[in-house]
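So the structure is just underneath, and the comments pick up after that.
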Amino acid sequence: MEFFVFFFYSIPEMFLILAFIATLSGYDFSKNVIPMALISILISCCIEFFRFIDLHAFIRLFLQLFMVVTLMRLAFGIVFARATICAIISLLILQMTELVTINTSMILFHTNLQELQNNPLLWVPTIWFILIVLASLLFIIKKYDFSIFHQRIRSHNINVFSFSSYLIFTAFFTFGIIGSQLLTQEKTQSIYTIIAIFIFQALSILMVNELIKSRVRKTELSVYKESLKDINSLFTTVRSQRHDFSNHLQVLYIFAKQGENEKILLYIEQLIGQIKSVNQILISDNPGLSALLQTKVAQFEQEGISIELNIGSTLTDTNIPMIELNQIIGNLLDNAADAIKLAGYPSNQIFLQTIRKNNQVEIKVKNYRPIIPSHLQQKVFEYGFSTKPKHSGLGLAIITNLVKKNKGNLLLVSNETVGTEFTIIFPVAGGSKIEQKTS
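Quick note on my numbering: the sequence shown kicks off at 56 and runs consecutively.
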């Protein structure tokens with residue numbers, strides 16, 4: 056019986072837990088089912104070994120949580136902080152499901168836990184019903200693309216607040232487990248005790264959710280502050296150029312008075328070039344985009360990289376928030392610049408184009424070199440993957456998440472003829488939605 060339960064309940068249960076963790080973390084595990092199954096078998100075997108050597112329940116729980124979080128990090132690149140939160144929430148869901156299902160079975164069949172476990176005709180349907188409930192919840196979460204982390208957060212640093220929060224989550228989960236075990240050891244089941252533990256664990260999940268929301272709001276606030284700083288920088292540039300206009304007139308007046316016609320023409324040509332450069336960046340109905348481009352042009356100029364702009368659409372005809380558009384374009388430009396620098400400047404130009412076609416707008420970011428190898432062109436979109444040393448690998452993951460959220464389409468072409476070109480297509484406001492085909 057124990058052998059049967061191990062293979063047909065313990066391993067599938069662990070697989071579902073890992074799938075919950077990955078999905079809640081915002082990671083698509085569908086392409087890595089086999090590695091996840093192997094990890095499930097490994098962890099299940101370790102848990103059985105811990106039981107065999109009769110480890111204390113608390114130590115066994117800690118080792119289980121540590122193994123799950125560590126293997127999710129090593130196998131799928133999910134950072135420890137995120138994996139820890141999602142592991143605790145997934146285990147809480149499992150505990151609540153087991154608590155309700157097992158106690159419901161004991162009430163329906165008028166038996167206690169020991170008799171229920173010793174009767175295969177009762178125990179097998181009970182544990183399989185738990186798996187069915189977990190699989191159904193996982194299906195719903197994946198169908199509606201639900202993730203606790205609605206936005207990808209760049210920083211992996213765990214501050215004091217975060218670390219203490221994870222300890223609190225772990226403590227809540229541990230107390231919930233202990234309560235469940237104490238409950239199942241009782242010969243007489245109390246409905247009030249069951250409800251109390253269920254509410255306790257539900258409040259644990261709500262607490263986790265609220266703390267995560269506060270971190271997300273803090274991150275969003277920092278993004279808004281950066282955008283405001285960029286806009287202020289743009290206005291400072293415009294004001295300074297307006298102030299310099301009188302100086303330019305004085306120089307031209309002196310050249311004209313001296314009859315220096317060639318100098319006048321040369322000076323005007325230089326001035327026109329400067330004005331054209333500013334006009335490309337100055338987008339009157341999208342100051343956020345103007346501020347971003349002004350900042351990136353200045354930043355990349357110091358790094359020896361130029362940006363060629365072709366702004367055919369100001370992107371104001373979409374329903375996408377300015378902050379998210381700037382995140383998408385900013386990350387694409389940063390990725391292109393990083394690739395150029397890492398490859399030793401095989402080219403020093405980045406091309407940005409925005410254009411409207413019918414009921415869609417396109418954003419294209421292109422650099423001729425370097426080329427992304429064909430075997431890496433799918434992996435670059437995966438969470439945590441990066442070809443750059445000491446990089447988080449979140450840039451394209453952030454872009455993919457935001458594109459998907461706003462019903463867009465993300466395409467990559469990278470070959471010797473075209474270079475490396477990312478194209479993002481969004482529907483205009485009121486237009487038809489685009490089928491998501493991130494590749």
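Each residue gets a CB set at the ideal place from its N, CA and C atoms; glycine is no exception.
query	result
DSSP state of His205 mapped onto helix, strand, coil	Any answer about His205 is weak, because its pLDDT of 49 lies below 50 and its placement is not dependable; what the coordinates show is given next. Three-state result, His205: coil.
Coarse secondary structure for Glu476, derived from DSSP in three states	strand
Identified DSSP bridge partners for Glu417	Ile410 and Ile480
When Asn461, Cys100, Leu465 and Leu407 are compared against Ala484, the one with the closest alpha-carbon	Asn461
Backbone CA spacing between Leu86 and Thr373 [nearest angstrom]	Note on residue identity: the sequence assigns Lys, not Leu, to residue 86. Taking the straight line joining both Cα atoms gives about 32 Å.
Three-state secondary structure assigned by DSSP to Leu348	helix
Which residues DSSP lists as bridging Ser361, in chain order	Gln404
Contact under 7 Å by Cβ, Gly81 with Ser202	yes
Same chain, Cβ closer than 8 Å to Leu118, neighbours up to 5 away in sequence not counted	Cys101, Phe105 and Leu110
Simplified DSSP state of Ile453, which is helix, strand or coil	helix
Chain D contact for Leu97 (CB, 7 Å cutoff)	Looking at the structure shown, chain D is missing, and only one protein chain is on hand.
Segment limits, beta strand (DSSP E) that includes Leu467	Asn464 to Asn470
Buried or exposed (CB count within 10 angstroms, at least 16 for buried), Ser99	buried
Lys421 burial status per 10 Å Cβ neighbour count (16 or more: buried)	buried
Close-in-space but distant-in-sequence residues of the same chain around Phe135 (CB under 7 Å, 5 per side omitted)	Val124 and Arg128
Per-residue DSSP class, three states only, for Asn302	helix
Beta-carbon contacts of Leu193 that lie in its chain and below 8 Å, excluding the five residues immediately before and after	Leu71, Ala74, Phe75 and Thr78
C-alpha gap between Gly474 and Tyr400, whole angstroms	14 Å
With 16 other Cβ atoms within 10 Å as the buried cut-off, status of Ala112	exposed
Three-state secondary structure assigned by DSSP to Ile196	helix
DSSP bridge partner residues for Ile366 (one or two, in chain order)	Thr409
Residue environment, Gln150, which counts as buried when at least 16 other CB atoms sit within 10 Å	buried
Distance CB(Leu163)-CB(Leu171) smaller than 7 Å	no
Three-way DSSP call (helix, strand, coil) for Asn316 in this model	helix
Beta-carbon spacing of Leu387, Phe477 below 7 Å	yes
Cβ neighbours of Ile410 in the same chain (closer than 6 Å, five flanking residues each side left out)	Gly367, Ser368 and Glu417
Three-state class that DSSP yields for Asn341 in the structure shown	coil
DSSP state of Asn422 mapped onto helix, strand, coil	strand
Residue span of the alpha helix (DSSP H) that contains Val88, given as start and end	Val88 to Phe107
C-beta atoms of Ile479 and Leu465 nearer than 7 Å	yes
Cβ-Cβ distance between Phe310 and Ile323 below 7 Å	no
Through-space distance from Ser361 to Val352, alpha-carbon basis	7 Å
Span separating the alpha-carbon of Gln408 from that of Lys419	5 Å
Where Ala398 falls: helix, strand or coil (DSSP)	coil
Ala392 beta carbon less than 7 Å from that of Phe355	yes
Short Cβ contact (7 Å threshold) for Ile182 with Tyr64	yes
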